[in-house]
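A.B. asks: Top line first, the protein sequences correspond to chains U and B.
Numbered according to the working numbering, the first sequence terminates at residue 230, and the numbering increases by one at each position without gaps.
Numbered according to the working numbering, the second sequence terminates at residue 230, and the numbering increases by one at each position without gaps.
Ideal Cβ positions, reconstructed from N, Cα and C, are used throughout, including at glycine.
Keep in mind that this is a model prediction, so the values were computed, not measured.
Below you will find the structure I want to go over with you.
2 protein chains.
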Amino acid sequence: MKIGILGTGMVGQSIAEKLIQLGHQVMMGTRDKAATLAKSGKDAMGRPAFGEWIKNNSNVQLGVYSEAASFGELLVNATSGVGSIDALKSAGENNMANKILLDISNPLDFSKGMPPTLTICNTDSLGEQIQRTFPKVKVVKGLNTLNAYLMTNPKLLPEPTNLFLNGNDAAAKAEVKKLLMSFGWNEKDIIDMGDITTARGTEQILPIWVRLWGTLQTPMFNFKIVVGSK
Amino acid sequence: MKIGILGTGMVGQSIAEKLIQLGHQVMMGTRDKAATLAKSGKDAMGRPAFGEWIKNNSNVQLGVYSEAASFGELLVNATSGVGSIDALKSAGENNMANKILLDISNPLDFSKGMPPTLTICNTDSLGEQIQRTFPKVKVVKGLNTLNAYLMTNPKLLPEPTNLFLNGNDAAAKAEVKKLLMSFGWNEKDIIDMGDITTARGTEQILPIWVRLWGTLQTPMFNFKIVVGSK
Numbered sequence: 001m002k003i004g005i006l007g008t009g010m011v012g013q014s015i016a017e018k019l020i021q022l023g024h025q026v027m028m029g030t031r032d033k034a035a036t037l038a039k040s041g042k043d044a045m046g047r048p049a050f051g052e053w054i055k056n057n058s059n060v061q062l063g064v065y066s067e068a069a070s071f072g073e074l075l076v077n078a079t080s081g082v083g084s085i086d087a088l089k090s091a092g093e094n095n096m097a098n099k100i101l102l103d104i105s106n107p108l109d110f111s112k113g114m115p116p117t118l119t120i121c122n123t124d125s126l127g128e129q130i131q132r133t134f135p136k137v138k139v140v141k142g143l144n145t146l147n148a149y150l151m152t153n154p155k156l157l158p159e160p161t162n163l164f165l166n167g168n169d170a171a172a173k174a175e176v177k178k179l180l181m182s183f184g185w186n187e188k189d190i191i192d193m194g195d196i197t198t199a200r201g202t203e204q205i206l207p208i209w210v211r212l213w214g215t216l217q218t219p220m221f222n223f224k225i226v227v228g229s230k
Numbered sequence: 001m002k003i004g005i006l007g008t009g010m011v012g013q014s015i016a017e018k019l020i021q022l023g024h025q026v027m028m029g030t031r032d033k034a035a036t037l038a039k040s041g042k043d044a045m046g047r048p049a050f051g052e053w054i055k056n057n058s059n060v061q062l063g064v065y066s067e068a069a070s071f072g073e074l075l076v077n078a079t080s081g082v083g084s085i086d087a088l089k090s091a092g093e094n095n096m097a098n099k100i101l102l103d104i105s106n107p108l109d110f111s112k113g114m115p116p117t118l119t120i121c122n123t124d125s126l127g128e129q130i131q132r133t134f135p136k137v138k139v140v141k142g143l144n145t146l147n148a149y150l151m152t153n154p155k156l157l158p159e160p161t162n163l164f165l166n167g168n169d170a171a172a173k174a175e176v177k178k179l180l181m182s183f184g185w186n187e188k189d190i191i192d193m194g195d196i197t198t199a200r201g202t203e204q205i206l207p208i209w210v211r212l213w214g215t216l217q218t219p220m221f222n223f224k225i226v227v228g229s230k
């Protein structure tokens, strides 16, 4: 499949690597191609910056947001939450119309220091805001509740854990579920939470996620829902 | 130990039953003793109302909030979140001074229908609000992330799951941890998240908890944090 990934950071790179391994064609989208390609050295997490990363991932194409959106039959929003709406506007709703957008973004505000706060919460969510702003797009929120490496390598954890999907379109969620299963996730571990308003719940687990990262001293963890008898 | 439980609902009853089993002395606190004792029939969850429940739990004493607060060497806040500050004011800070308050409450607002929203979130939490309002009390937030039956019967689930503690006083958290271990929790599964500001994270998992209850069609579940290698 042709897949367009909006965002060139750690999440976008992790998803792109996996998709190329699986035989898909990938174009990543950014605001400014030259600036993105010029990024060198290591990023804040010690990972090679995009300009270095792309040298070892030359099958991945790079375009501006609108080119990646137009290229993809399925789209992934891997931009930072505070910039997502602007990035998607730049991608253009017509380029995304009737396509599935797997929305991995989180409304985290790091501008006031650590730990981050949420820019949207409680009675609204970024997933809903994206769906309202781009009604022609089939938004499916998912993968936003765990580290980028684990998104595409669930078996790095010692036992199966859960993913949560939120979205209004059942067929779109089924398609995303198939994609996630190709990443190594078990079908039974992918929980369909319901319509896009259920993204409030999944986005609001980020505050405990961030604190657990500090407490556990590693981002390599995920939530498992253990269910008893009714 | 003498333990005072503020609140006479499902959570308070579940904790009281366990504490009596374990040989503690328990006084439950309420606003209006006569009104609480007059509650009959079943509650919204199909459980016997307090007036019926107390007949089978006659070792449990009932007082007004200030009596229960004065009685207890350790206190439990099992009132509903929207009423917690008022209930604790009625209990009286001097009756609670230097005592541990295990705060199980959640800032859930059901007044606009289901699902509930949070009355406090993101940059503050009910746990912090209680600690700020009653600075002489050693507030330890805990047990607020799972069903009342599971709080005192963790082995009803097929595998160990996690609890989270939030509080400023390390000795108070250690004391609460011992109490929770006497309920059947494993020491290694009780995660000390840090100071009381980390209650933001644990209170904000309630929105996904409520949605999971709907999706899973049972409240008998809990979160397990699965950690990989660093």
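With a threshold of 7 Å between beta carbons, is Lys155 of chain U in contact with chain B?
C.D. replies: Numbered from 1 along the first sequence, position 155 holds the residue referred to as residue 155 of chain U. With 7 Å as the cut-off, Lys155 of chain U does not count as an interface residue toward chain B.
A.B. asks: Report all residues from its chain with a CB closer than 6 Å to the CB of Gly7 of chain U; omit the five preceding and five following residues, and keep chain order.
C.D. replies: Taking the first residue of the first sequence as 1, we reach residue 7 of chain U at position 7. Excluding sequence neighbours, Gly7 of chain U sits near Ala78, Thr79.
A.B. asks: Give the residues from the region 200-211 of chain U that approach chain B closer than 7 Å (Cβ to any Cβ), ordered along the chain.
C.D. replies: Of all residues in the region 200-211 of chain U, Arg200, Gly201, Thr202, Gln204, Ile205, Pro207, Ile208, Arg211 have a Cβ within less than 7 Å of some Cβ in chain B.
A.B. asks: Measuring only from the beta carbon, is Thr36 of chain B closer than 6 Å to any heavy atom that is part of the ligand COA?
C.D. replies: Among the components modelled here there is no ligand, and therefore nothing to report on the ligand COA.
A.B. asks: Mapping DSSP to helix, strand and coil, what is Leu146 of chain U?
C.D. replies: The residue you call residue 146 of chain U lines up with position 146 of the first sequence. Three-state DSSP puts Leu146 of chain U in coil, outside helix and strand.
A.B. asks: For the beta strand (DSSP E) that contains Met234 of chain U, what are its first and last residues?
C.D. replies: There is no way to answer for residue 234 of chain U, as the model of chain U reaches only from 1 to 230.
A.B. asks: Would you call Lys136 of chain B buried or exposed, if buried means 16 or more other Cβ atoms sit within 10 Å of its Cβ?
C.D. replies: Residue mapping note: residue 136 of chain B aligns to position 136 of the second sequence, counting from 1. So Lys136 of chain B ends up on the exposed side.
A.B. asks: With 7 Å as the threshold, decide whether the Cβ of Thr161 of chain B is near any Cβ in chain U.
C.D. replies: As a first step, residue 161 of chain B must be located in the second sequence, where it is residue number 161. Yes, Thr161 of chain B counts as interfacial toward chain U.
A.B. asks: For Thr123 of chain U and Asn144 of chain U, I'd like the C-alpha separation in whole angstroms.
C.D. replies: Reading the first sequence from its first residue, position 123 is the one you call residue 123 of chain U. Reading the first sequence from its first residue, position 144 is the one you call residue 144 of chain U. About 19 Å.
A.B. asks: If you draw a straight line from the alpha carbon of Pro154 of chain U to that of Gly228 of chain B, how long is it in whole angstroms?
C.D. replies: Against the first sequence, residue 154 of chain U aligns to sequence position 154. Against the second sequence, residue 228 of chain B aligns to sequence position 228. About 10 Å.
A.B. asks: Do the region 38-49 of chain B and the region 105-114 of chain B touch if we need at least three Cβ pairs shorter than 8 Å?
C.D. replies: Cβ pair count under 8 Å is below three, so no.
A.B. asks: Report the option in U:Met10, U:Gln25, U:Gly29, U:Ala16 whose CA atom is closest to the CA atom of Ala49 of chain U.
C.D. replies: Numbered from 1 along the first sequence, position 49 holds the residue referred to as residue 49 of chain U. Ala49 of chain U has its Cα closest to that of U:Met10, out of U:Met10, U:Gln25, U:Gly29, U:Ala16.
A.B. asks: With a 10 Å radius around its C-beta and 16 neighbouring C-beta atoms as the bar for buried, classify Asp249 of chain B as buried or exposed.
C.D. replies: Lying before the first or after the last residue shown, residue 249 of chain B is absent from chain B, which here runs from 1 to 230.
A.B. asks: Quick one: list the residues of chain B neighbouring Phe221 of chain U, beta-carbon separation under 8 Å, in chain order.
C.D. replies: For the purposes of this step, residue 221 of chain U is identified with residue 221 of the first sequence, where counting begins at 1. Simply Ile225, Val226, Val227, Gly228.
A.B. asks: Kindly list the residues whose CB is nearer than 7 Å to the CB of Val176 of chain U, restricted to its own chain and excluding five residues on each side of it in sequence; keep chain order.
C.D. replies: Translated into the one-based positions of the first sequence, residue 176 of chain U becomes position 176. Correct list, in chain order: Ile100, Leu102, Val140, Gly142, Leu165.
A.B. asks: Between the Cα of Ala171 of chain U and the Cα atoms of U:Gly201, U:Arg211, U:Gly194, which residue gives the shortest distance?
C.D. replies: On the first sequence, residue 171 of chain U is found 171 positions in, with the first residue counted as 1. Nearest C-alpha to Ala171 of chain U: U:Gly194.
A.B. asks: Going straight from the alpha carbon of Leu75 of chain B to that of Arg31 of chain B, what length do you get?
C.D. replies: Here residue 75 of chain B is taken as the residue at index 75 of the second sequence, counted from 1. Here residue 31 of chain B is taken as the residue at index 31 of the second sequence, counted from 1. Whole-angstrom Cα-Cα distance: 16 Å.
A.B. asks: Counting contacts by CB-CB distance shorter than 7 Å, is Met151 of chain B in contact with chain U?
C.D. replies: If you number the second sequence from 1, residue 151 of chain B lands on position 151. For Met151 of chain B, the answer is no, since every Cβ of chain U falls outside 7 Å of its Cβ.
A.B. asks: How big is the Cα-Cα spacing for Val60 of chain U and Asn147 of chain U?
C.D. replies: Here residue 60 of chain U refers to the residue found at position 60 of the first sequence. Here residue 147 of chain U refers to the residue found at position 147 of the first sequence. Near 22 Å, if we compare the C-alpha coordinates of Asn147 of chain U and Val60 of chain U.
A.B. asks: Let's test the definition: count the other Cβ atoms within 10 Å of the Cβ of Arg200 of chain U and tell me whether it reaches 16, buried, or not, exposed.
C.D. replies: In the first sequence, the residue the question calls residue 200 of chain U occupies position 200. Buried.
A.B. asks: Contact defined as beta carbons within less than 8 Å: I believe Phe71 of chain B pairs with Met114 of chain B. What is the distance between those atoms, to the nearest angstrom?
C.D. replies: Locating residue 71 of chain B in the second sequence gives position 71, where the first residue counts as 1. Locating residue 114 of chain B in the second sequence gives position 114, where the first residue counts as 1. Actually they are not in contact, since the Cβ atoms of Phe71 of chain B and Met114 of chain B sit about 36 Å apart, beyond 8 Å.
A.B. asks: Taking C-alpha atoms, which residue in U:Asn57, U:Ala35, U:Ala44, U:Met1 lies nearest to Ser14 of chain U?
C.D. replies: The sequence position of residue 14 of chain U within the first sequence is 14, counting from 1. Closest option to Ser14 of chain U, Cα to Cα, is U:Asn57.
A.B. asks: Which two residues bound the contiguous alpha helix (DSSP H) that contains Asn95 of chain U?
C.D. replies: As a working note, residue 95 of chain U is residue 95 in the first sequence. Segment 93-96, the alpha helix (DSSP H) holding Asn95 of chain U.
A.B. asks: Using CA atoms only, rank isn't needed, just tell me which of B:Gly51, B:Lys2, B:Glu17 is closest to Glu67 of chain B.
C.D. replies: If you number the second sequence from 1, residue 67 of chain B lands on position 67. When each option's Cα is compared against that of Glu67 of chain B, the closest is B:Lys2.
A.B. asks: Pick helix, strand or coil for Asn166 of chain B, following the three-state DSSP scheme.
C.D. replies: Your numbering for residue 166 of chain B matches position 166 in the second sequence. Asn166 of chain B falls in the strand class under three-state DSSP.
A.B. asks: Alpha carbon to alpha carbon, how far is Pro207 of chain B from Ala34 of chain U?
C.D. replies: As a working mapping, residue 207 of chain B is identified with position 207 in the second sequence. As a working mapping, residue 34 of chain U is identified with position 34 in the first sequence. About 42 Å.
A.B. asks: In the region 182-194 of chain U, which residues sit with their C-beta less than 9 Å from some C-beta in chain B, listed in chain order?
C.D. replies: Listed by position along the chain: Ile191, Asp192, Met193, Gly194.
A.B. asks: Consult DSSP for Ile104 of chain U and reduce its assignment to one of helix, strand or coil.
C.D. replies: By 1-based counting over the first sequence, the position of residue 104 of chain U is 104. In the structure shown, Ile104 of chain U sits in coil (DSSP, three-state: anything other than H, G, I, E or B).
A.B. asks: Taking the alpha helix (DSSP H) that Ile130 of chain U belongs to, which residues open and close that run?
C.D. replies: Working through the first sequence from its first residue, we reach residue 130 of chain U at position 130. First-last of the alpha helix (DSSP H) with Ile130 of chain U: 126-133.
A.B. asks: Quick one: what's got a C-beta closer than 6 Å to Ser111 of chain U's C-beta in the same chain, skipping five residues either side?
C.D. replies: What you label residue 111 of chain U is simply residue 111 of the first sequence in a count that begins at 1. There are no such residues.
A.B. asks: Between which two residues does the beta strand (DSSP E) holding Leu37 of chain B run?
C.D. replies: The residue you call residue 37 of chain B lines up with position 37 of the second sequence. From DSSP, Leu37 of chain B is part of no beta strand (DSSP E) but of the alpha helix (DSSP H) over 33-37.
A.B. asks: Suppose the cutoff is 7 Å on Cβ atoms and the five residues either side in sequence are ignored; what does the same chain contact list for Asp192 of chain U look like?
C.D. replies: Translated into positions along the first sequence, residue 192 of chain U becomes position 192. If we look at Asp192 of chain U and ignore the five residues flanking it on each side, its Cβ neighbours are Leu165, Lys173.
A.B. asks: Apart from the five residues on each side of it in sequence, which residues of its chain come closer than 6 Å, Cβ to Cβ, to Thr117 of chain U?
C.D. replies: By 1-based counting over the first sequence, the position of residue 117 of chain U is 117. Contacts found: Asp109.
A.B. asks: Using CA coordinates, which residue listed in B:Tyr65, B:Ser182, B:Leu156 is at the minimum distance from Ser90 of chain B?
C.D. replies: Counted from its first residue, the second sequence places residue 90 of chain B at position 90. Checked all of B:Tyr65, B:Ser182, B:Leu156; the closest Cα to Ser90 of chain B is B:Tyr65.
A.B. asks: Tell me, please, whether the CB atom of Asn168 of chain U is closer than 7 Å to any CB atom in chain B?
C.D. replies: In the first sequence, residue 168 of chain U corresponds to position 168, counting from 1. Chain B contact via Cβ: absent.
A.B. asks: Mapping the DSSP letters down to three states, classify Leu156 of chain U as helix, strand or coil.
C.D. replies: By 1-based counting over the first sequence, the position of residue 156 of chain U is 156. If DSSP states are grouped into helix, strand and coil, Leu156 of chain U belongs with the helices.
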